[in-house]
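Enquirer: Here it is: the structure, laid out below.
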Amino acid sequence: MQRPEAWPRPHPGEGAAAAQTGGPTSSAGAGEPSGLRLQEPSLYTIKAVFILDNDGQRLLAKYYDDTFPSMKEQMVFEKNVFNKTSRTESEIAFFGGMTIVYKSSIDLFLYVVGSSHENELMLMSVLTCLFESLSHILRKNVEKRWLLENMDGAFLVLDEIVDGGVILESDPQQVIQKVNFRADDSSLTEQSVTQVLQSAKEQIKWSLLK
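Residue numbers (the numbering used here): 2 to 211.
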């Protein structure tokens, strides 16, 4: 799913690793094993998905690899990305050796992050699916207030689109169907538990009255 790179942007750490071993730092050494590894397709397409408000504060975020292992590193990365993208009309950015596609809606900024050699169209399909799915569950009110009130649904949507960095679904209609099924199943389970507890309370009450 990768595209040929006219201007290679190595993943953070790849250049340093190559320098330590004396190997090439770009795809110039196409015959070298490291060069081949850079071009191998992978199902692990997504590094992170996050949604920020119009002040750059995190509302929802999921990271799928150890590029930013700590919460502090993630927050710094998100702030830097927000500062770079919040005042531009573009929908794609290259930052820190990563490809980032993004979209704004009222007081929200939605971001999908992939590696430096990832196909922008693939990342954009995830972003579009996320936005349209959220638009459905939020009744077209894709803004901070409604997102905060429906955060459980937003996480369900994201989990149906991406799992562990692998794209599961890019069709918003399929995502909504699966989310509705899970929500219905959950509500039935909760209802069943409530009924069992109520029945148990009634039995205890009558046993005490006897």
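From the three backbone atoms N, C-alpha and C, an ideal C-beta is built for every residue, glycine too.
What are the boundary residues of the alpha helix (DSSP H) that includes Ile-138?
Expert: 121-138
Enquirer: Is it the case that the region 151-166 contacts the region 53-65, given that we only count it when at least three CB pairs across the two stretches are under 8 Å?
Expert: The answer is yes - the region 151-166 touches the region 53-65, with three or more Cβ pairs under 8 Å.
Enquirer: Which residues does DSSP pair with Tyr-112 in a beta bridge?
Expert: Per DSSP, Phe-51, Tyr-103.
Enquirer: Between Ala-49, Leu-109, Phe-96, His-118, which lies nearest to Ser-43 when the distance is taken from Cα to Cα?
Expert: Closest option to Ser-43, Cα to Cα, is His-118.
Enquirer: Distance, Cα to Cα, Lys-104 vs Leu-60?
Expert: 15 Å
Enquirer: Per DSSP, what kind of secondary structure is Leu-37 in: helix, strand or coil?
Expert: A caution first: Leu-37 carries a pLDDT of 43, below 50, which makes its placement in the model unreliable, though a value can still be read off. Reduced to three states, the DSSP call for Leu-37 is helix.
Enquirer: Per the DSSP calculation, Ala-94 is bridged to which residue(s)?
Expert: Ile-101
Enquirer: Would you kindly check if the distance between the Cβ of Val-113 and the Cβ of Ile-177 is under 8 Å?
Expert: no
Enquirer: Counting along the chain, where does the alpha helix (DSSP H) carrying Lys-85 start and finish?
Expert: 72-86
Enquirer: Give the range of the beta strand (DSSP E) segment to which Lys-63 is assigned.
Expert: Element bounds for Lys-63: 59-64.
Enquirer: Could you check where the alpha helix (DSSP H) with Leu-169 kicks off and where it finishes?
Expert: Premise fails: Leu-169 is in no alpha helix (DSSP H) and is neither H nor E.
Enquirer: May I have the straight-line CA-CA distance separating Tyr-45 from Arg-146, to the nearest angstrom?
Expert: Take the alpha-carbon of Tyr-45 and the one of Arg-146: they are about 32 Å apart.
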